[in-house]
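This report concerns only the one structure given below.
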Amino acid sequence: MQIKALHSLTFQHFDIDLLVECISQRWRYLARVHDVARRLVDKHGASRASDLAKRAAARASGRRGAILRAVAESVNDLMRLDIFYH
């Protein structure tokens, strides 16, 4: 009984390497999402790319839906900031 109580009081220590890996994975994910959004804007134009991304995100669910919502948000950011990389 004392062992279980003592075990519940221990703190989890975060490994700095694990934290750096998680941050770098998130950074790579966001870079890929931004690249997809930029290619959509380059191919279809700003307003059509926004419409396509929003419609695709509305149809999808789960992980794919989350990725498509991130792409739609990135397209909107590109439109708002007028960054089209032409």
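Every position in the sequence shown, counted from 1, becomes a number in the working numbering once 953 is added. For glycine and all other residues, C-beta sits at the position ideal for the given N, C-alpha and C. Just so we're clear, the structure is a prediction, and the values are computed from it rather than from any experiment.
Taking C-alpha positions only, Val1028 is separated from Ser977 by approximately 22 Å. Per DSSP, the continuous alpha helix (DSSP H) segment holding Asp988 begins and ends at 969 to 997.
Within the same chain, and ignoring the five residues on either side of Leu1005 in sequence, the residues whose Cβ sits closer than 8 Å to its Cβ are Leu993, His997. For Ala1023, the enclosing alpha helix (DSSP H) has its first and last residue at 1015 to 1034.
Leu972 sits exposed, since fewer than 16 C-beta atoms from the chains shown fall within 10 Å of its C-beta. About 10 Å separates the CB atoms of Gly1018 and Ala1025; that is not less than 8 Å, and the two are not in contact. Distances from the CA of Ala984 to each of Ile1020, Arg1033, Leu1034 were compared; the closest alpha carbon is that of Ile1020. One alpha carbon belongs to Arg1016, the other to Asp988, and they sit about 18 Å apart.
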